[in-house]
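Top to bottom, those sequences are chains X and R.
In terms of this note's numbering, the first sequence opens at residue 1 and continues consecutively.
In terms of this note's numbering, the second sequence opens at residue 114 and continues consecutively.
Beta carbons are placed, not taken as given, at the ideal position from N, Cα and C, and that holds for glycine.
What follows is a set of notes on a single structure, which appears directly below.
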Amino acid sequence: GENVGLHLPTLSVQEGDNSIINCAYSNSASDYFIWYKQESGKGPQFIIDIRSNMDKRQGQRVTVLLNKTVKHLSLQIAATQPGDSAVYFCAEKGGTSYGKLTFGQGTILTVHP
Amino acid sequence: NAGVMQNPRHLVRRRGQEARLRCSPMKGHSHVYWYRQLPEEGLKFMVYLQKENIIDESGMPKERFSAEFPKEGPSILRIQQVVRGDSAAYFCASSLLTGDSGNTIYFGEGSWLTVV
Chain X
1 GENVGLHLPT LSVQEGDNSI INCAYSNSAS DYFIWYKQES GKGPQFIIDI RSNMDKRQGQ
61 RVTVLLNKTV KHLSLQIAAT QPGDSAVYFC AEKGGTSYGK LTFGQGTILT VHP
Chain R
114 NAGVMQNPRH LVRRRGQEAR LRCSPMKGHS HVYWYRQLPE EGLKFMVYLQ KENIIDESGM
174 PKERFSAEFP KEGPSILRIQ QVVRGDSAAY FCASSLLTGD SGNTIYFGEG SWLTVV
C-alpha cells in the first residue's frame with residue numbers, strides 16, 4: 001500500500017518469541033514480493049522474496065506467506081533476537097519487467113532481551 | 114562484500130546549491146535504480162537507468178533533478194538549487210538483470226542529504 005508517513009506500526013516482542021509482521025498490498029498485478037530489513041542509518045537489507053505463483057517460502061529463521069486473495073503478505077521470524085530490531089518493509093513489483101518496487105509503510109520491530 | 118557503494122554518505126548543502134550523489138552498482142550489475150526516503154516513510158522510486166540510458170524516470174521531480182549512468186564511472190543523481198524539502202535519504206539499488214522475479218535488487222547504504 002501507500003506510505004502514510006508518521007506513526008509507523010510497531011511490534012514489541014521478547015527475545016526468543018516468534019514475530020509476525022504483516023503487510024497489505026494494493027496492486028493485484030504484482031507478481032513479486034520482497035521483505036527488507038532497515039536498521040537506523042542504513043540501507044534496506046534483503047531478507048526474503050516470493051513470487052506470486054507461491055504462497056509460502058522459507059529461509060533461515062524467516063518465512064514469508066502470501067495470500068493473493070486478500071492481497072496480504074506476512075513475514076514470520078522465528079526465535080527473534082535483539083539483532084532483529086529494525087524497521088521491516090514489504091515491497092511489491094508489478095507486472096513490468098524491471099525493478100520498480102513499491103514499498104509499504106514499514107513496521108518497527110523491537111526485541112527486548 | 115562489494116555491494117552497492119554510495120557516496121557521500123552524508124551531505125549538507127545550503128538552499129540554492131547543487132547536490133551530487135554517486136552510486137557504483139554491484140560488480141556485474143548494469144541496472145541501477147534511485148529511491149528517495151523521507152523520515153519514517155518507505156522508499157519511493159525515482160528513476161531506473163541502464164548504461165547510458167534512462168529507462169524510467171516517472172518518479173523524478175520534473176525540475177531540478179537529473180540522473181545519469183555513463184558508460185564509464187558511477188551513476189550520478191544531481192539535484193540543482195536544492196530546497197529544504199529535498200532533505201532525505203537517497204538510496205541507490207542495482208540488479209544483475211531486469212529485476213524480474215528471482216533477480217534480487219540490492220540497495221546501498223544511502224546518501225543522507227540535509228539542506229540548511
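For the options R/D199, R/G198, R/L151 and R/I167, the alpha carbon positioned closest to that of R/K184 is the one of R/I167. Each of R/R197, R/V229 and R/Q119 was checked against the Cα of R/Y146, and the nearest Cα belongs to R/Q119.
For R/R127, the secondary structure class from DSSP, reduced to helix, strand or coil, is coil.
When the alpha-carbon of X/I20 is set against those of X/H112, X/S52, X/L11 and X/V87, the nearest one is in X/L11.
Judged by beta-carbon spacing, R/L162 lies within the 9 Å limit of R/S188, meaning their Cβ atoms are closer than that value. Relative to X/R61, the option among X/P44, X/D84, X/N67 and X/H72 whose CA is nearest is X/D84. Look at X/L73: its C-beta is not under 9 Å from any C-beta on chain R. Chain-order list of chain X residues neighbouring R/D199: empty, with the shortest C-beta distance near 17 Å, by a criterion of under 7 Å. Assigned with DSSP and collapsed to three states, X/D17 falls in coil, not helix or strand. Taking X/Q38 as the centre and dropping the five residues before and after it, the same chain places the C-beta of P44, Q45, A86, V87, Y88, F89 and G106 closer than 8 Å to its C-beta, in chain order. With contacts defined as CB atoms closer than 9 Å, R/A206 and R/L226 fail to qualify as a contacting pair. Between R/V125 and R/L151, the alpha-carbon positions lie close to 16 Å from each other.
For X/F103, the pairing in a beta bridge is given by DSSP as X/A91. Going by DSSP, R/Y203 is part of the beta strand (DSSP E) stretching over A201 to S208.
Checking the DSSP bridge columns, you'll see R/S188 partnered with R/C136. Here DSSP, grouped into helix, strand and coil, assigns R/R122 to coil.
Proximity of chain X to R/I167 at the Cβ level (cut-off 9 Å) is not reached, the minimal Cβ distance being about 12 Å.
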